[in-house]
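Protein sequences appear in the order of chains A and B. One point on numbering: in the numbering used here, the residue at position 329 of the first sequence is 329, and numbering is uninterrupted. One point on numbering: in the numbering used here, the residue at position 202 of the second sequence is 202, and numbering is uninterrupted. Built from N, CA and C at the ideal position, the CB exists for glycine as well.
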Amino acid sequence: MASTADALAAAGRPPKARPIKPRLGRDDLIMRGFMAVIALYLVIAIALPLYAMLSKSFSTYSFDLTAYEFQVSDEVGNFDAPPVSAAALNDELQAVSPEDLSTSSDGRLPATSFFPDFSFRSPVMYKIRGTSADAVYLVGTERFSGTEWREVDSNNFRRVMLRPARDIGFANYVTYFSTPALFQSIENSIFISALSTIITVTLAFGFAYALSRSCMRLKGFFRLVALAPILVPSLLPGIGLVYLFGNQGMIKELLLGESIYGPIGIVIGSVFFTFPHAMIIITTALAISDARLYEAAECLKASRWKIFWTVTVPGARYGLISAAFVVFNLVITDFGLPKVIGGQYNMLAVDIYKQVIGQQNFEMGAVVSVVLLMPALVAFAVDRQVQKKQVALLSARSVPYQPKPNRRFDWLAFGYCGLIAVFIVGLLAVCQYAALIKFWPYDLSLSLKNYAFDLMDGGGWDSYYNSIQMALLTAVAGTAVVFVGAYMVEKTKGFETGRSLFQLLAMLPMAIPGMVLGLAYIFFFNEPANPLNFIYGTMAILVICTVTHFYTVSHLTAVTALKQMDREFESVAASLKQPFYKLFRVVTVPVCLPTILDISIYLFVNAMTTVSAVIFLYSPTTTLASVAVLNMNDAGDIAPAAAMGMMIFYTNAGARLIHLAVSKGVLKRTQAWRFR
Amino acid sequence: MAFRKTLLTAAAVSLLVATAAKAEVELTVYTAVEAEDLKRYAETFNQDHPDIKINWVRDSTGIVTAKLLAEKNNPQADVVWGLAATSLLLLKTEGMLEPYAPKGVEKLDKKFVDKSNPPAWVGMDAWVASVCYNTVEAGKLGLPMPKSWKDLTDPAYKGHLIMPNPNSSGTGFLDVSSWLQMFGEKGGWDYMDALHENIARYTHSGSAPCKLAAAGEIPIGISFAFRGAKSKAAGAPLEIIVPEEGVGWDMEATAIIAGTAKLEAAKTLVDWSITKKANEMYNTGYAVVAMPGVAKPVEFFPENLVDKMIDNDFEFAANNRAAILEEWQKRYDSKSDPKG
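Put into structure tokens, the structure is as follows:
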């Protein structure tokens with residue numbers, strides 16, 4: 001990056017002169033201004049919330065024994081003994097160990113712990129007070145604080161509870177790693193993700209190989225089917241699996257008595273929803289291999305098997321690695337699927353939900369989030385390194401590989417792809433069928449009663465319309481922000497530090513699991529002191545969160561398209577004294593229109609299906625269809641959940657079709673120059 | 001044409017004015033009441049108080065509680081109408097509730113009113129634990145109908161029971177806390193140890209076990225009576241069992257959020273929420289309501305439910321909640337292998 005920029009800078013100045021700093025024109029300033037604004041957006045939308053979350057994970061609660069004082073009366077109620085602090089009593093008695101002093105925000109410590117000979121029948125009276133104004137204690141359910149003495153009889157003294165004070169430290173992490181139920185999830189998450197990755201990448205490789213190396217029929221159809229899982233929320237396959245293999249499942253015998261609720265279900269579902277992602281990456285990797293290598297191998301009389309291992313696989317290795325990391329990350333950060341079909345099998349993403357929603361323990365939720373962030377960050381870093389290495393695999397002299405017909409191999413490929421297609425279509429068809437059944441398995445007549453969403457949890461039909469609105473807003477606003485940002489970072493002259501900083505910010509969202517992002521948003525935006533507090537609970541926060549969550553891929557797509565446009569355009573415009581925004585409007589946007597459409601459909605589809613990032617952020621007026629699927633399933637309304645999931649599928653499929661039609665039209669109108 | 005336009009505008013304006021006059025105050029009300037009941041509640045309330053408009057904010061108990069706690073320093077709600085008393089106790093100890101004795105509070109069953117004076121919350125109806133038993137599926141498996149909690153530990157039921165996870169469901173916690181109160185601390189944990197052997201899995205939602213039992217996905221689900229009655233009414237082959245040792249319960253309750261700018265309207269709503277009319281309204285879904293003598297039997301509800309409700313110690317539940325959940329997690333949640 002730096003070297004190209006240097007070269008460009010060098011080209012623009014006379015040799016052997018002292019380096020001249022080019023004067024910044026109005027355009028440059030405006031462009032930098034734009035860049036700064038979008039960078040600021042990224043800082044607010046990702047860096048600050050993450051910081052808020054990190055600090056939450058270090059915010060601990062513990063009982064401060066020095067903050068309370070007691071006084072005990074004699075049998076007739078005279079308080080002659082001097083007041084003693086709880087700390088002094090504990091030093092003497094060792095009643096509460098230091099570990100037990102650290103607690104959660106809801107912790108309570110009975111005051112009687114410090115009085116071993118306490119009896120609630122005794123006539124002894126007790127007095128309690130805080131030594132500072134913020135020492136809080138309860139008598140029964142009544143809350144008291146402050147330094148005033150309060151007198152209670154023995155029967156009420158047993159109801160006195162000390163409350164913890166806030167502090168900063170590592171205590172939450174210590175608790176996490178000393179609770180087997182919690183850290184066991186790390187192992188579970190990694191195991192499931194690794195297993196799903198191996199299966200998905202293997203299956204997807206076979207599929208991509210068949211698509212690019214065989215002459216089988218229906219390639220277009222297979223490609224389309226393989227992409228279908230992208231159009232549904234990740235938890236929909238879970239629902240389909242319940243209908244297939246649950247205790248009332250249609251073909252549960254195939255599981256040989258194993259339960260679908262648990263690792264088996266999670267892995268099958270994960271393979272389903274990550275398959276298209278792996279397939280796209282591997283197909284791209286296989287498509288760029290060089291036919292000359294195959295010719296050479298054939299001339300050397302290498303067997304097909306040998307060619308496969310010495311030419312095909314090494315050629316696609318970066319794609320395979322990349323696919324593996326993408327799948328791993330998708331599975332480990334996914335929340336919907338293990339929630340639906342995980343049974344007792346704990347995984348990190350579900351733990352966050354349980355901590356925050358089930359126990360209102362936000363601090364522990366933040367700790368689990370930080371833990372979940374780790375594997376995601378590692379996978380992300382490794383993937384970046386691999387991507388960097390994969391540069392000049394394809395040279396200008398490469399010849400694209402053209403498969404030759406081979407009857408046996410083509411039928412084999414066809415059969416293989418057919419099986420995968422049956423798996424994908426079958427699972428979706430089961431969901432649709434289940435959605436139309438009146439009362440599975442007792443009343444199999446068809447009805448539309450499962451579409452009466454307004455009678456169920458989850459927000460009803462409104463949530464469906466909200467989702468469409470949110471997806472449209474995300475597509476429009478997101479594409480604008482992403483494309484303008486990418487343009488500024490790509491076409492601004494000089495300003496190296498700023499640009500690389502921007503790139504870094506733009507890459508960050510990829511490494512942040514949706515669940516973590518959503519939780520970070522609560523901590524950041526719900527803080528009353530935050531001037532942006534007003535967007536909490538609105539559609540805006542959902543849109544911002546979703547745009548941010550899917551920023552990286554959109555950004556990379558835009559940058560790739562913009563890189564194909566020569567910088568000469570900018571130079572020519574400048575010499576014609578045309579401002580950059582005119583160039584942007586008249587040339588850049590029309591030329592990049594196909595890419596812009598791609599970005600918007602990507603954002604639309606993902607906004608329709610996302611669950612993890614928005615699960616903490618939706619409000620009653622902004623319930624979403626994907627969340628409704630989860631909530632209805634959660635409440636046991638499985639058929640309506642399937643129905644809503646399929647509504648999302650049809651909507652996304654429709655959006656895809658519109659996108660296809662528009663793209664074709666656009667291609668004809670603005671891209672004629674490509675086909676000279 | 002122009003005349004028609006004017007007429008239309010006039011009509012529109014008068015309509016707007018009328019609506020504005022009708023709804024002078026808007027209250028933001030947080031609730032966990034079932035979605036299908038909310039509209040009816042608001043309409044019945046507006047029959048008597050058309051000048052107060054209710055903006056519902058509805059979600060499951062856990063989420064509403066989490067939301068209220070998250071907004072502790074910047075409350076958004078004016079009133080909570082229909083949230084578990086256990087949650088309201090939690091909010092009370094955080095100092096988030098405005099104590100208020102609504103008019104006519106003395107007519108309510110003492111059990112349904114907060115002990116403080118003035119009370120921080122008042123109850124609406126009880127929400128009682130029950131066992132949902134699918135006669136068709138249990139028949140296929142030859143499982144006898146259980147009569148008591150103890151029956152459920154019979155090895156015959158191994159893998160055929162389902163209950164909510166107390167760590168994510170209020171109903172789950174209610175069960176656990178009731179067992180600890182009924183059987184004592186040691187007896188309660190011993191009971192759960194035995195029960196755990198039979199549990200196929202723990203669900204995240206409290207109504208799910210009953211719905212899953214209704215769908216035949218599992219023969220027996222530990223859930224609550226209200227849900228069971230609804231599923232039975234929908235045609236599921238269910239029997240709703242009230243275990244003979246007694247059943248845990250929680251109540252839906254109402255409270256004013258401290259710091260509300262609309263205190264008068266909030267008081268009006270809370271006053272109304274304990275009237276006879278309101279109690280009759282709750283009675284359409286819930287068999288046990290706060291005002292004695294109001295409740296009529298609800299279809300499909302087990303009859304002996306009220307007698308079997310234990311003397312629930314909400315303070316015990318609130319004070320020991322963190323410790324109980326931790327212990328439960330230690331004992332049963334670390335088992336990661338699913339059991340079929």
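Is the stretch 539-547 of chain A touching the stretch 578-598 of chain A in the sense that three or more CB pairs, one from each, lie closer than 8 Å?
These segments do not touch.
By DSSP, does Asp-250/B sit in helix, in strand, or in coil?
Position 250 of the second sequence, counted from the start, is the residue given in the question as residue 250/B. Reduced to three states, the DSSP call for Asp-250/B is strand.
To be precise: take each residue of the stretch 353-369 of chain A, compare its Cβ to all Cβ atoms of chain B, and keep it if any distance is under 8 Å. Which residues remain?
So the close ones are Tyr-353, Lys-354, Val-356, Ile-357, Gly-358, Gln-359, Gln-360, Phe-362.
Under 7 Å, CB to CB, which of the residues in the stretch 399-413 of chain A have a partner in chain B?
Within the stretch 399-413 of chain A, no residue qualifies.
So Ile-168/A is in the beta strand (DSSP E); what residue range does that whole segment cover?
Position 168 of the first sequence, counted from the start, is the residue given in the question as residue 168/A. Run containing Ile-168/A: 165-168, per the beta strand (DSSP E) assignment.
If you follow the beta strand (DSSP E) that Ser-169/B is part of, which residue opens it and which one closes it?
By 1-based counting over the second sequence, the position of residue 169/B is 169. No beta strand (DSSP E) contains Ser-169/B, which DSSP labels as neither H nor E.
Nearest to Leu-325/B by alpha carbon, out of Gly-139/B, Pro-302/B, Leu-180/B?
As a working mapping, residue 325/B is identified with position 325 in the second sequence. Of Gly-139/B, Pro-302/B, Leu-180/B, the residue nearest in Cα terms is Leu-180/B.
Tell me whether Pro-302/B is buried or exposed, calling it buried when 16 or more other Cβ atoms sit within 10 Å of its Cβ.
Reading the second sequence from its first residue, position 302 is the one you call residue 302/B. Classification for Pro-302/B: buried.
Looking at the unbroken alpha helix (DSSP H) that takes in Ser-322/A, where does it start and where does it end?
For the purposes of this step, residue 322/A is identified with residue 322 of the first sequence, where counting begins at 1. Counting along the chain, the alpha helix (DSSP H) containing Ser-322/A begins and ends at 317-333.
Taking the alpha carbon of Glu-245/B as the reference point, which residue from Glu-299/B, Phe-183/B, Lys-276/B, Met-251/B has its own alpha carbon closest?
Taking the first residue of the second sequence as 1, we reach residue 245/B at position 245. Residue Phe-183/B is the option with its Cα nearest to Glu-245/B.
Between Val-629/A, Gly-645/A, Asp-566/A, Thr-175/A, which has its C-alpha nearest Lys-330/B's C-alpha?
Mapped onto the second sequence, residue 330/B falls at position 330. It is Thr-175/A whose Cα lies nearest to the Cα of Lys-330/B.
Nearest to Leu-42/A by CA position, among Gly-342/A, Leu-505/A, Asp-443/A, is which residue?
Here residue 42/A refers to the residue found at position 42 of the first sequence. Measuring from the Cα of Leu-42/A, the nearest candidate turns out to be Leu-505/A.
Nearest to Ala-88/A by alpha carbon, out of Phe-79/A, Phe-70/A, Met-216/A?
Position 88 of the first sequence, counted from the first residue, corresponds to residue 88/A. For the residues Phe-79/A, Phe-70/A, Met-216/A, the minimum Cα distance to Ala-88/A belongs to Phe-70/A.
Can you name, in chain order, every residue of its own chain whose Cβ lies under 6 Å from the Cβ of Thr-65/B, other than the five neighbours on each side?
Walking along the second sequence from the start, residue 65/B turns up at place 65. Counting only Cβ-Cβ distances below 6 Å, and skipping sequence neighbours, we find Ser-87.
What are the boundary residues of the alpha helix (DSSP H) that includes Asp-598/A?
Taking the first residue of the first sequence as position 1, residue 598/A is located at position 598. That run of the alpha helix (DSSP H) goes 593-609.
Ends of the beta strand (DSSP E) at Ser-223/B?
Locating residue 223/B in the second sequence gives position 223, where the first residue counts as 1. Unbroken beta strand (DSSP E) run through Ser-223/B: 220-224.
By Cβ distance, which residues of its chain are closer than 7 Å to Asn-320/B, with the 5 residues on each side in sequence left out?
Against the second sequence, residue 320/B aligns to sequence position 320. Excluding positions up to five away in sequence, the list is empty.
Could you check whether the Cβ of Arg-108/A sits closer than 8 Å to any Cβ belonging to chain B?
For this step, residue 108/A is matched to residue 108 along the first sequence. Interface residue, yes.
Relative to the C-alpha of Gly-343/B, which candidate in Met-192/B, Val-176/B, Ala-84/B has its C-alpha closest?
With chain B running from 1 to 340 in the structure shown, residue 343/B is simply not present.
Determine the chain A residues that contact Trp-56/B at a beta-carbon separation under 8 Å, and present them in chain order.
Residue mapping note: residue 56/B aligns to position 56 of the second sequence, counting from 1. Under the 8 Å cutoff, chain A gives Pro-620.
Put Leu-37/B into one of helix, strand or coil per three-state DSSP.
For the purposes of this step, residue 37/B is taken as the residue at position 37 of the second sequence. The residue you asked about is not Leu; residue 37/B is Asp in the sequence shown. Helix, per DSSP.
Does the Cβ of Ala-379/A have 16 or more other Cβ atoms within 10 Å, making it buried, or fewer, making it exposed?
The residue you call residue 379/A lines up with position 379 of the first sequence. So Ala-379/A counts as buried.
Have a look at Gly-336/A, Lys-301/A, Ser-289/A and flag the residue whose alpha-carbon is nearest the alpha-carbon of Arg-317/A.
Indexing the first sequence from 1 puts residue 317/A at position 317. Ranking Gly-336/A, Lys-301/A, Ser-289/A by Cα distance to Arg-317/A puts Ser-289/A first.
To the nearest angstrom, how far is it from the Cα of Val-516/A to the Cα of Pro-237/B?
Residue 516/A sits at position 516 when you count from the first residue of the first sequence. Residue 237/B sits at position 237 when you count from the first residue of the second sequence. So the two alpha carbons sit approximately 42 Å from each other.
Check whether chain B comes within 8 Å of Glu-99/A, counting only Cβ atoms and requiring the distance to be less than that.
One-based indexing of the first sequence puts residue 99/A at position 99. Closer than 8 Å: no.
Identify the continuous beta strand (DSSP E) that holds Val-400/B and give its terminal residues.
Outside the modelled stretch of chain B, which goes from 1 to 340, sits residue 400/B, for which no answer is possible.
Are the stretch 614-624 of chain A and the stretch 586-593 of chain A touching, with three or more C-beta to C-beta distances below 8 Å?
Judged by Cβ distances under 8 Å, the stretch 614-624 of chain A makes no contact with the stretch 586-593 of chain A, as fewer than three pairs qualify.
So for Gly-340/B, helix, strand or coil by DSSP?
The residue labelled residue 340/B in the question sits at position 340 within the second sequence. Residue placement at Gly-340/B is flagged as unreliable, the pLDDT there being 31, under the threshold of 50; the coordinate-derived value follows with that caveat. Residue state, collapsed to three classes: coil.
Roughly how many angstroms lie between the CA atoms of Ala-628/A and Ile-54/B, to the nearest whole one?
Position 628 of the first sequence, counting from 1, holds the residue named residue 628/A. Position 54 of the second sequence, counting from 1, holds the residue named residue 54/B. Taking the straight line from one Cα to the other gives about 23 Å.
Within 10 Å of its beta-carbon, does Lys-22/B have 16 or more other beta-carbons around it, so buried, or fewer, so exposed?
On the second sequence, position 22 is the one that residue 22/B refers to. With a pLDDT of only 49 at Lys-22/B, under the threshold of 50, the placement of this residue in the model should not be trusted; the figure read from the coordinates follows. Exposed, because fewer than 16 other Cβ atoms sit within 10 Å of the Cβ of Lys-22/B.
How about Ala-317/B and Asp-109/B: are their beta carbons less than 8 Å apart?
Indexing the second sequence from 1 puts residue 317/B at position 317. Indexing the second sequence from 1 puts residue 109/B at position 109. Not a contact, by the Cβ cut-off of 8 Å.
Below 7 Å CB to CB, which residues in the same chain sit around Asp-37/B once its five sequence neighbours on both sides are set aside?
Here the question's residue 37/B lines up with position 37 in the second sequence. For Asp-37/B, where only same-chain residues beyond five positions count, the Cβ hits under 7 Å are Gly-285.
Whose C-alpha, out of Trp-121/B, Pro-75/B, Pro-102/B, Cys-132/B, is nearest the C-alpha of Thr-260/B?
Here residue 260/B is taken as the residue at index 260 of the second sequence, counted from 1. Closest option to Thr-260/B, Cα to Cα, is Pro-75/B.
Please report whether the beta-carbon of Pro-338/B lies at a distance below 8 Å from any beta-carbon of chain A.
Counted from its first residue, the second sequence places residue 338/B at position 338. Low local confidence applies: a pLDDT of 38 at Pro-338/B is under 50, so the model's placement there is unreliable, and no value is given.
Is the Cβ of Arg-143/A closer than 8 Å to any Cβ of chain B?
For the purposes of this step, residue 143/A is taken as the residue at position 143 of the first sequence. Yes, Arg-143/A counts as interfacial toward chain B.
Can you give me the C-alpha to C-alpha distance between Ile-599/A and Val-662/A, rounded to a whole angstrom?
Counting from 1 along the first sequence, the entry for residue 599/A is found at position 599. Counting from 1 along the first sequence, the entry for residue 662/A is found at position 662. Cα to Cα, the separation comes out at about 13 Å.
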